[in-house]
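Counted from 1, the sequence shown has number 56 at position 53 by the numbering used here; the numbering is strictly sequential.
Backbone N, C-alpha and C define an ideal beta-carbon position, used for all residues, glycine too.
The block underneath contains the structure these notes are about, expressed in structure tokens.
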Amino acid sequence: MPMKYYSLPLDPECLMQKKEHPGCTLKQSVAGHLHLIVTTAFGEMQGEHEFGNAIWEHDFDNLATRSKQQELMKESLTKAVRQHEKRLDAVKVEVTVKQEEMVALAVTSRIKKRLDILIMGRLTATSENIVFRDSFFVGPLSYS
4 MPMKYYSLPL DPECLMQKKE HPGCTLKQSV AGHLHLIVTT AFGEMQGEHE
54 FGNAIWEHDF DNLATRSKQQ ELMKESLTKA VRQHEKRLDA VKVEVTVKQE
104 EMVALAVTSR IKKRLDILIM GRLTATSENI VFRDSFFVGP LSYS
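Okay, here's the thing in structure tokens:
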């Protein structure tokens with residue numbers, strides 16, 4: 004019997020009304036879980052303090068070199084994905100840290116670190132390859 008995977012975000016109202024919650028494919032379910040792993044800091048999830056990654060421990064680090072930050076983040080994400088997403092094997096992670104200047108107002112500029120994350124793996128159930136990409140900004144630094 005095939006498993007049912009639920010789309011994110013979960014809709015509590017739908018569940019309380021005993022309606023069928025929208026579903027998704029295995030690939031969509033894995034992608035949603037990878038996004039959760041990538042965007043969660045250690046200790047943020049109650050009851051499972053080991054869930055998450057160390058990106059958030061380095062987001063304001065201006066002393067480490069960019070390559071050192073990338074390596075630390077890559078190691079943390081690789082470990083987190085292998086530990087918490089058991090539906091994948093042959094996991095490979097790439098992290099790129101870039102600095103981008105963002106002009107909020109004519110007088111104020113902000114430099115933000117942009118993380119580009121690429122996670123590749125193979126679905127254990129189907130031996131299908133999966134590629135997950137995510138990117139977001141961390142560590143705002145403002146100056147005027």
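Inset, instruction - Classify residue 46 as buried or exposed, calling it buried when 16 or more other Cβ atoms lie within 10 Å of its own Cβ. - result: By the neighbour-count rule (16 or more Cβ atoms within 10 Å), residue 46 is not buried but exposed.
Inset, instruction - Output the distance between the C-alpha atoms of residue 69 and residue 22, rounded to the nearest integer angstrom. - result: Straight-line Cα distance between these residues: approximately 48 angstroms.
Inset, instruction - Quickly, what does DSSP pair residue 92 with across the bridge? List them, please. - result: Looking at the DSSP assignment, residue 92 forms a beta bridge with 125.
Legend entry - Length of the line joining the Cα atoms of residue 100 and residue 131: Near 28 angstroms, if we compare the C-alpha coordinates of residue 131 and residue 100.
Inset, instruction - Determine, using beta carbons only, whether residue 35 and residue 43 come nearer to each other than 8 angstroms. - result: For the pair residue 35 and residue 43, the CB atoms are not nearer than the 8 angstroms cut-off.
Legend entry - Residue range of the unbroken alpha helix (DSSP H) whose run includes residue 58: Judged by DSSP secondary structure, residue 58 falls outside any alpha helix (DSSP H); it is assigned neither H nor E.
Inset, instruction - Using a threshold of 8 angstroms, state whether the C-beta atoms of residue 128 and residue 37 are closer than that. - result: No; because the gap between Cβ atoms is not below 8 angstroms, this pair is not in contact.
Legend entry - Local conformation of residue 6 per DSSP, three classes: DSSP places residue 6 in coil when its eight states are reduced to three.
Inset, instruction - Output yes or no for whether 8 angstroms exceeds the beta carbon distance between residue 116 and residue 102. - result: Contact flag set, yes.
Legend entry - Distance between residue 80 and residue 188 (C-alpha atoms, nearest Å): Missing from the structure shown is residue 188; the chain here goes from 4 to 147 and no further.
Inset, instruction - Can you give me the start and stop residues for the alpha helix (DSSP H) that residue 81 sits inside? - result: Counted as a single uninterrupted DSSP element, the alpha helix (DSSP H) harbouring residue 81 occupies residues 69-87.
Legend entry - Enclosing alpha helix (DSSP H) for residue 173 [first to last residue]: Lying outside 4 to 147, the shown extent of the chain, residue 173 is not represented and no answer is given.
Legend entry - Nearest to residue 6 (by Cα), restricted to the options 26, 17, 16, 93: Nearest C-alpha to residue 6: 26.
Legend entry - Nearest to residue 84 (by Cα), restricted to the options 122, 19, 138: Answer by Cα proximity: 122.
Legend entry - Local conformation of residue 46 per DSSP, three classes: If DSSP states are grouped into helix, strand and coil, residue 46 belongs with coil.
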